[in-house]
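Going down the list, the sequences are from chains H and X.
Counted the way the working numbering counts, the first sequence spans residues 7 to 186.
Counted the way the working numbering counts, the second sequence spans residues 7 to 186.
Every residue, glycine too, gets a C-beta built ideally from N, C-alpha and C.
Predicted model, so just to flag it, every value in this text is computed and none were measured.
To start, the structure under review is shown below, and the notes come after it.
2 protein chains.
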Amino acid sequence: MHHNSPLNPQCPIGRSLERVGEWWTIHILREAFLGATRFDQFQKNLGIAPNMLTRRLNALVADGLLEKRPYSTRPLRHEYVLTAAGLDFRPVLWTIMAWGNKHFSPEGLAIQLVDSATGTPAEPQLIDRHSGRPLTWPAFRTVAGPAADARTKSRYPVWPATTPQPTSPTAGSADAADAA
Amino acid sequence: MHHNSPLNPQCPIGRSLERVGEWWTIHILREAFLGATRFDQFQKNLGIAPNMLTRRLNALVADGLLEKRPYSTRPLRHEYVLTAAGLDFRPVLWTIMAWGNKHFSPEGLAIQLVDSATGTPAEPQLIDRHSGRPLTWPAFRTVAGPAADARTKSRYPVWPATTPQPTSPTAGSADAADAA
DNA sequence: CAGTATCCTGTCCGATACTG
DNA sequence: CAGTATCGGACAGGATACTG
């Protein structure tokens, strides 16, 4: 992608989407987590055109989410394996999955998370690692961090917030930056 | 999107991406969480072309993630507010943010999650709501659920897995479906 | 099997102009 | 202010053929 636009270049969501925002990318990562490593496996499982697969695979390698390494010389063949950064994407995938299961699976769950040992269904929940509390809004919110530039600071509240008490979730305040 | 392809139609990740997979969509949702409700706010904050914004907004409304409701008649004006399904997307956004912060913010954090009351930085972690255990692989895995069709069952293990002990994370087994 | 090369179509998207 | 209408370009993406 090549957006010169007003999009905040510091936004970590924006930076993530630059890597995985393309249509096929997350599907490819999902296949990688499912065990696919070879060109042919990705292609068959996704039904993606080979030129597209090449493009996306190379982009993922360039972005450091996949590592391309030879598993055979003569002829030279590569496999694509998740890097540490790529493996760290798993929680994102699982959170998306939970969201889809909750809202877009009216006929029941086709795919679900379970405890590998017991088979007990698991239900993903986000917590704060330090306090152990559920990571919910408005108990937690996004604010400008230490590396924020002027533009970011103008769009995100700097803690402590000037308006301490969070507004109600449904109260649509016209000015932004107080609801996240 | 209109992919007739082999993509598993039951996959909850696929179903989610059908709703939020387009380039602008997640950016728009982020702005909505930041407090934007009006056409003009989205446009200014994102630098998106108006026709595109209209398209994406309508798609989000059609998919039930935003609700379009009049805030003025004469002239008729609408605001776009997150529905329950839309609000449930917040954990996804925060998980993506955490991933971006960890891997793509070498200069330090520009935007971060904090405790609204104390300002203490929060660190998102995924756990299983029922057991309270960290939701990590291979302790947890994705398997075919009760509503899985034949195709899904063939691609995802049905618990209990035929190969009970999970393979090591780095051991790239050629056949898929045992690593997620 | 693991891609590369070509060609083609659709549409995403931006720019601009226009309207109540 | 909140969009709609139209135009054009870039490119994502599919289909196919080809290669070691």
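Proximal residues to residue i (C-beta, below 8 Å), its chain only, five neighbours per side dropped
i, result
"residue 49 of chain H", "56, 59"
"residue 71 of chain H", "25, 26, 35, 88, 89, 91, 92, 95"
"residue 107 of chain H", "115, 117, 118"
"residue 181 of chain H", "For residue 181 of chain H, the predicted model reports a pLDDT of 38, less than 50, meaning its position is unreliable; a value from the coordinates is still stated below. So the list is empty, once near-sequence residues are dropped."
"residue 104 of chain X", "119, 129, 130"
"residue 178 of chain H", "Note that residue 178 of chain H scores a pLDDT of 36, beneath 50, so its modelled location is shaky; the value from the coordinates is reported in the next line. Closer than 8 Å at the Cβ level, and outside the excluded window around residue 178 of chain H, lies no residue."
"residue 63 of chain H", "34, 45, 48, 72, 74, 86"
"residue 124 of chain X", "none"
"residue 40 of chain X", "51"
Status (buried if at least 16 other CB within 10 Å, exposed otherwise) for residue i
i, result
"residue 154 of chain H", "buried"
"residue 80 of chain H", "exposed"
"residue 112 of chain H", "exposed"
"residue 109 of chain H", "buried"
"residue 78 of chain H", "exposed"
"residue 134 of chain X", "buried"
"residue 82 of chain H", "exposed"
"residue 158 of chain X", "buried"
"residue 20 of chain X", "buried"
"residue 130 of chain H", "buried"
"residue 147 of chain H", "buried"
"residue 139 of chain X", "exposed"
"residue 151 of chain H", "buried"
"residue 16 of chain H", "buried"
"residue 18 of chain X", "buried"
"residue 38 of chain X", "buried"
"residue 101 of chain H", "buried"
Run of the beta strand (DSSP E) containing residue i, from where it starts to where it stops
i, result
"residue 148 of chain H", "146-150"
"residue 120 of chain H", "117-121"
"residue 132 of chain H", "130-134"
Close beta carbons around residue i, own chain, < 7 Å, minus the five adjacent residues each side
i, result
"residue 65 of chain X", "none"
"residue 42 of chain X", "48, 51"
"residue 74 of chain X", "67, 84, 86"
"residue 141 of chain X", "132, 133, 134"
"residue 98 of chain H", "none"
"residue 13 of chain H", "20"
"residue 29 of chain X", "none"
"residue 45 of chain H", "59"
"residue 122 of chain H", "none"
"residue 69 of chain X", "25"
"residue 23 of chain X", "none"
Chain-order list of residues whose beta-carbon lies under 6 Å from that of residue i (same chain, five-residue window excluded)
i, result
"residue 32 of chain X", "26"
"residue 165 of chain H", "149"
"residue 127 of chain H", "118, 120"
"residue 185 of chain X", "Any reading at residue 185 of chain X must be qualified, since the residue scores a pLDDT of 47, below 50, and its modelled position is unreliable; the value itself is stated next. Once the five neighbours on either side are set aside, residue 185 of chain X has no close Cβ partner at all."
Boundaries (first-last residue) of the alpha helix (DSSP H) holding residue i
i, result
"residue 160 of chain H", "156-161"
Check: residue i C-beta below 8 Å from any heavy atom of the ligand FAD
i, result
"residue 145 of chain H", "Looking at this structure, you won't find the ligand FAD or any other ligand, since it has none at all."
Q) Which ranges does the alpha helix (DSSP H) cover as unbroken runs of at least 4 residues, wholly within the region 23-48 of chain H, from first to last along the chain? A) 31-39
Q: Report the residues of the region 138-152 of chain H with a CB closer than 7 Å to any CB of chain X, ordered along the chain.
A: 141, 143, 144, 145, 146, 147, 148, 149, 150, 151, 152: these are the residues of the region 138-152 of chain H whose beta carbon lies less than 7 Å from some beta carbon of chain X, given in chain order.
Q | Complete alpha helix (DSSP H) runs within the region 37-107 of chain X (minimum length 4 residues, chain order) | A | 45-52, 56-68, 90-93
Q. When Cβ atoms are compared, which residues of the region 83-111 of chain H fall closer than 7 Å to chain X?
A. 85, 87, 91, 94, 95, 96, 97, 98, 99, 100, 101, 102, 103, 105, 106, 107, 108, 109, 110, 111
Q | Interface positions of the region 18-40 of chain H facing chain X (Cβ-Cβ less than 9 Å), listed along the chain | A | 18, 19, 20, 21, 22, 23, 24, 25, 26, 27, 28, 29, 32, 33, 36, 37, 38, 39, 40
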